[in-house]
Structures are given as C-alpha cells and as structure tokens.
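Engineer:
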Amino acid sequence: MSDSFREVTSVSWFGRIKRAVGGVIFGLLLIVLMVIGLFWNEGRAVQTARSLAEGAGTVVSVSADSVDNANDGKLVHVSGPVTADSGLSDPDFGIAAQGLRLSRDVEMYQWKEESKSETTKKLGGGEETVTTYSYSKVWDDSQIDSSDFKKPDGHQNPPMAIHSRTFQIPEGKLSAFTLDQPVLDRIEGDKDYSLSANQSAAIKAAYTGTRPFNIVDGKIYLGADTTTPALGDYRIGYELAPLGVVSIVARQAGSRFEPYQTVAGDELLMVDTGTVPADKMFAEAVSANTLITWLLRAAGLLLLTIGFALFLSPIGVILDVIPFLGSMARMGTGIIAFFLAILVGTTTIAIAWFWYRPVLAAGILAAGVIAAAAVYYLGRSRKAAAPAVVPSTGTAT
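Okay, so the sequence shown: first residue is 0 according to numbering that gives the first Met the number 0, each after it adds one.
(1) Mind checking if Asn68 is an interface residue toward chain D, Cβ cutoff 8 angstroms exclusive?
(2) Report the option in Ala63, Gly56, Asp319, Leu51 whose CA atom is closest to the CA atom of Ser286.
(3) At the level of alpha carbons, what is the spacing between Ser193 and Thr82?
(4) Would Leu183 be called buried (16 or more neighbouring beta carbons within 10 Å of its own) or exposed?
(5) Name the DSSP bridge partner or partners of Glu112?
(6) Measuring only the C-alpha atoms, how far is Gly36 from Arg379?
(7) I need the straight-line Cα distance from Ile143 to Ile235, nearest angstrom please.
(8) What are the boundary residues of the beta strand (DSSP E) that Val244 is part of?
(9) State the Cα-Cα distance for the pair Val215 and Gln167, rounded to the nearest angstrom.
(10) I think Gly171 touches Leu99, with their Cβ atoms under 8 angstroms apart; what is that distance to the nearest whole Å?
(11) Can you give me the start and stop residues for the beta strand (DSSP E) that Ser88 sits inside?
(12) Three or more beta-carbon pairs under 8 angstroms between the stretch 75 to 92 and the stretch 288 to 296, yes or no?
(13) Decide if Ile24 is buried, meaning its Cβ has at least 16 other Cβ atoms within 10 Å, or exposed.
(14) Per the DSSP calculation, Phe397 is bridged to which residue(s)?
(15) By the three-class DSSP mapping on this structure, what secondary structure does Phe234 have?
(16) Kindly indicate the opening and closing residues of the alpha helix (DSSP H) around Phe13.
(17) Going along the chain, which residues of its own chain have a beta-carbon closer than 6 angstroms to the beta-carbon of Met280, five neighbours each way excluded?
(18) Considering only the alpha carbon of each residue, which of Asp319, Ile348, Ala55, Ser62 lies closest to Ser174?
(19) Which word fits Thr261, buried or exposed, when buried means at least 16 other C-beta atoms lie within 10 angstroms of its C-beta?
(20) Does Arg329 come out as helix, strand or coil in the three-state DSSP assignment?
(21) Can you tell me which of Glu106, Thr207, Ile186 puts its alpha carbon nearest to the alpha carbon of Pro157?
(22) Would you report the Cα separation of Ile317 and Glu126, rounded to the nearest angstrom?
(23) Report all residues from its chain with a CB closer than 8 angstroms to the CB of Val58; omit the five preceding and five following residues, and keep chain order.
(24) Indicate the three-state DSSP secondary structure (helix, strand or coil) for Ile143 in the structure shown.
(25) What residue range does the alpha helix (DSSP H) around Ile292 cover?
(26) Check whether the Cβ atoms of Glu238 and Asp104 sit closer than 8 angstroms, and answer yes or no.
(27) Just checking, does the stretch 295 to 307 make contact with the stretch 338 to 351 on the three C-beta pairs under 8 angstroms criterion?
(28) By alpha-carbon positions, which one of Pro241, Ile186, Arg210, Ala240 ends up nearest to Tyr233?
(29) Can you tell me whether Gln155 is buried or exposed? The criterion is at least 16 other CB atoms within 10 Å of its CB, across all chains shown.
(30) Where does the unbroken alpha helix (DSSP H) through Val182 begin, and where does it stop?
(31) Could you tell me the distance, in whole angstroms, from the CA atom of Lys136 to the CA atom of Tyr108?
(32) Of the choices Ile321, Ala205, Pro151, Ser145, whose alpha-carbon is the least far from that of Lys120?
Here you go:
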C-alpha cells in the first residue's frame, strides 16, 4: 500500500543568489577542512606504517598451552581455539545457543516517506521545484519518526518497543590465556542463526508480549498474519559468532592481552579468525592501511571538488537570468572545480610527504632530478655525435 502527493515551491533569482552566497561560505569551510584532512591522512598513514613495521620486527610467537611470564610486556602472537564457560541466551525470547556472540536483529513494519524533486529554471533567474512525497510500508530496523513527515496524517508509526541487541560472553579462554572484551569484540565470523519449530516452547515461556508469534523462515514473526504484515508487526532474526580458532597479536599482560603501545605512536591489537601466522597478519594490516589511505585521499578530493563547486556556484546562478547561459556556466565551473581540487589536493599530499617522509621525499625528488639530467645530457651527446649533413651540388648539363 502506498500513496503520494506533490508540492510546488518557487525561489526568486535574488533568493537563489542569497542561497549561493551561503554556499560560498560553506564551500570555503569545506576546502579548508579537506586540506587539513588530507594532510592529517598522510601523517596517519605514515604513523600506522611505522607502527606495523615496528611490531613486525618485535613480535614473538608463543604457545597458547602455557603462560610464560618472561613475555610480560612483549608483543606476542598466539593462535588457538576459543572456549567459554557459559552459553548465550536472549532472555526476552528464550533463545539459547553456544558461541561467542548472539545478535538479535529486529525489524518493525512501519511507514516510510520518500521524496523526489524536479527543478526547472525559469527565465529571469527564478527556480521552480516540484517535490513528490510518497509513502509506503516497509520493514526497517530502526524507528522511523513519522512526526517529521511532510504529511503525517494517516502515516503515524507506533513506537518501537523491541530493539536489536547483542549478547556476548563476558570472558573467553584461549587455552592458558583469558580473553577480555577488547579481544572478543574484534573476533568476527557472525553467521545467520536460523530458528526451528522446536524452539517455540522456549519462546512462549519467555515472551511477555501480547502479539501472537510464529517462526517463519528461521525468524520470529510477531503479528496476526505472516503473509499480510500489519503496521507494528515485528520480524526478529539472529546471528551467531561461533566458537573457533583465532589468532591474536597483542601485548601480553600476565594471562591476558592488552593493546601494545609502539614507539611510532599506534597501539597494536589485532585479531583474526583461524590459524594465521604473524607475518600474514601484519601484511594484511599493511594492505588495509594502504587501502584506507587511498580511500580517504579519494574522499578528500571528491569533497574538495564539491567545496570549489560551491565556491563558484554564484556564477551559474547570476547567469541563470537566461537558463541556457547558467547551464553552460555550471558546466564550466564544474570542470574548473575538478581541476582546482586535483591541484590543491595533490599539492597538499606532496607537502605532507615532505613533512612526514622527508628522507623518502628527498630521495624521490633527487631521483627525478637525476633522471631528468640524464635524459637532457643524453640528448645533447646524441646531437653532438650526429654527422654533419653536407648539401649536394648538382652539375649543369
């Protein structure tokens, strides 16, 4: 079931100019923040790379079968199976399981508003916007506030009384070692935990609500009709992180693990599923650091482009007196904004390289100068070695 309505709004040419001036201020702020962010990202990448190199050079692989006090305070690598003294349970629905972590994922059937706008430029610089608001019922894992809807009448959502929740063992064991929350939180591998019909009795005994329930497709359904959802019905599924083998790189503190403070500045606490050698864990961390660095660079350049586009936006608005001229101007300012973002962004990254990696940056610069000089002198020597061309003289006949 869905419905919709349309709303038409207009903005004058002077109103758009005023709005564009506000965009200039925001654009300048965005440019400054992105320059700072790009510079910071290079420093973060260098610090993390140095910390990982430091850790890879000092890590000691130890056995999980016994605790050697001689390794206290050292960066250690250990692998082994995780065990737990207690099981997991969701007391609200009586769901019990054996594992590391049980996650309850709750969705409620409720109204959702979506909007789509189409803007038309008018002769004289004005602008008309037609916005279509549509309403439909959907499953969503968070409360949708219907009071913020453009048309709340007839689309009120009931309060969400049941929420998603995670149940995790308070403490685990890795043979002779004890695993605290900081380590347990980093263990991944959550998988769908499908409920079966034989768990209905436990659910009925624990559930205190008034809605009828059924188990449908491995999930708890709270509502009268599983084939035709009603407003306020719930769909509850579970995920389970099973107990298994993990590998840890961390500072040994007695029989427990803590983050290891490197001289470079980062704290190291790495956890992976399965038996993973220390060198592979560090190699994966280096790759992740490289990926994050490039993603942040790309995001910074994109936001720089947006910032410069906002800074130049008044040009297009002013020329929108004739819509065709405004469109052409925006195309031009968009290209200019892109090139300005590349120029400012790469310059910022280059300066950051000289700041955080002075030796490496100087080496690259020196290599570039030497290569350019070699090409220059090679070209001159070839020109000097080329034989002189003597023009031929013809004989008259």
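Note that beta-carbon positions come from the ideal geometry of N, C-alpha and C, so glycine has one too.
In this text, all values refer to a predicted model and were calculated from it rather than measured experimentally.
Structural biologist: According to the data block:
(1) Annotation note: the requested chain D is absent from the structure, which comprises a single protein chain.
(2) With respect to the C-alpha of Ser286, the residue from Ala63, Gly56, Asp319, Leu51 having the closest C-alpha is Leu51.
(3) One C-alpha to the other measures close to 22 angstroms.
(4) Leu183 comes out buried.
(5) Under DSSP, Glu112 shares a beta bridge with Tyr134.
(6) Roughly 45 angstroms between the two C-alpha positions.
(7) Roughly 17 angstroms separates the two Cα atoms.
(8) Counting along the chain, the beta strand (DSSP E) containing Val244 begins and ends at 244 to 252.
(9) Going by the C-alpha atoms only, they are around 25 angstroms apart.
(10) Contact check for Gly171 and Leu99: beta-carbon distance about 7 angstroms, within the 8 angstroms limit, so the pair qualifies.
(11) Following the DSSP letters along the chain, one finds Ser88 inside the beta strand (DSSP E) bounded by residues 87 to 89.
(12) No: the two stretches stay apart, fewer than three of their Cβ pairs being nearer than 8 angstroms.
(13) It is exposed - the Cβ of Ile24 has fewer than 16 other Cβ atoms within 10 Å.
(14) Because the chain here runs from 0 to 396, residue 397 falls outside it and cannot be looked at.
(15) First, the residue type needs correcting, since residue 234 is Arg and not Phe in the sequence shown. For Arg234, the three-state secondary structure derived from DSSP is strand.
(16) Start and end: 12 to 57.
(17) Closer than 6 angstroms at the Cβ level, and outside the excluded window around Met280, lie Val248, Met269, Asp271.
(18) Cα-wise, what sits closest to Ser174 is Ser62.
(19) Buried, since its Cβ has 16 or more Cβ neighbours within 10 Å.
(20) In this structure, Arg329 counts as helix in the three-state DSSP scheme.
(21) The shortest Cα separation from Pro157 among Glu106, Thr207, Ile186 belongs to Glu106.
(22) Rounded to the nearest angstrom, the two C-alpha atoms are 12 angstroms apart.
(23) Excluding positions up to five away in sequence, the list reads Leu74, Val75, His76, Val248, Ala277, Phe281.
(24) The answer is coil: DSSP assigns Ile143 none of H, G, I, E or B.
(25) For the sequence presented, residue 292 should be read as Thr rather than Ile. Note, Thr292: alpha helix (DSSP H), 277 to 318.
(26) Annotated as proximal: Glu238 and Asp104, with beta-carbon spacing under 8 angstroms.
(27) Short answer: they touch.
(28) Per the Cα distances, Arg210.
(29) The residue in question, Gln155, is exposed, as its Cβ has fewer than 16 Cβ neighbours within 10 Å.
(30) Secondary structure note for Val182: its alpha helix (DSSP H) is the uninterrupted segment 180 to 183.
(31) Near 6 angstroms, if we compare the C-alpha coordinates of Tyr108 and Lys136.
(32) Of the listed residues, the one whose Cα sits closest to Lys120 is Ile321.
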